[in-house]
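Numbering (the numbering used here), first residue to last: 4 to 196. Each residue gets a CB set at the ideal place from its N, CA and C atoms; glycine is no exception. All values derive from a computational prediction rather than experimental measurement.
Take a look at the structure:
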């Protein structure tokens, strides 16, 4: 009976076959590792922005979205579980924004604001209009934390405030200079205080 492994049976075809299987294995592991790494980095960034420890960040896949109770929204956060979730596609948009903020399209720019908005929920704010105004006033800081140059972040935030925000469902006229929701922060979306 002896050893069933025969070195002479380990010919060129077998090496090519095993090499191909190994390449497929590595290729199939790339996306999960990429998203896992991105989620960990975003969780650290939410913590840095908010000061809240123990935050988790999750990028929903198409499969995850089937079971998500908040499927109708682009993202959501729970201050009790300290979990931020971006629906399918929005993490990709945020990755594109971080990789090339100068060439970012509107969706990528919105994903940046969405990151800040969901971080404000982690701090405990649940009223959407207040949350969005808090986020607007911290978008520059958040973008800089993500590695975006400050002048680009400032331009994008001011553009968002003047063009997108007035049409947004979370819009309130109290989010303006000197109004009730003005926190008098260093980089407000309406220009320097």
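Residue i burial status per 10 Å Cβ neighbour count (16 or more: buried)
i: residue 28; result: exposed
i: residue 141; result: buried
i: residue 102; result: exposed
i: residue 35; result: exposed
i: residue 20; result: exposed
i: residue 163; result: buried
i: residue 58; result: buried
i: residue 100; result: buried
i: residue 25; result: exposed
i: residue 90; result: buried
i: residue 45; result: buried
Three-way DSSP call (helix, strand, coil) for residue i in this model
i: residue 86; result: strand
i: residue 64; result: coil
i: residue 23; result: helix
i: residue 1; result: The requested residue 1 does not occur in the structure, where the chain is confined to residues 4 to 196.
Cβ-Cβ distance between residue i and residue j below 8 Å
i: residue 118; j: residue 156; result: no
i: residue 97; j: residue 115; result: yes
i: residue 87; j: residue 66; result: no
i: residue 79; j: residue 121; result: yes
i: residue 191; j: residue 180; result: yes
i: residue 17; j: residue 149; result: no
i: residue 173; j: residue 94; result: no
Through-space distance from residue j to residue i, alpha-carbon basis
i: residue 186; j: residue 136; result: 9 Å
i: residue 160; j: residue 15; result: 58 Å
i: residue 51; j: residue 152; result: 17 Å
i: residue 175; j: residue 127; result: 19 Å
i: residue 54; j: residue 188; result: 16 Å
i: residue 154; j: residue 111; result: 17 Å
i: residue 23; j: residue 30; result: 10 Å
i: residue 138; j: residue 194; result: 15 Å
Whole-Å CB distance - residue i paired with residue j, under 8 Å assumed
i: residue 63; j: residue 71; result: 6 Å
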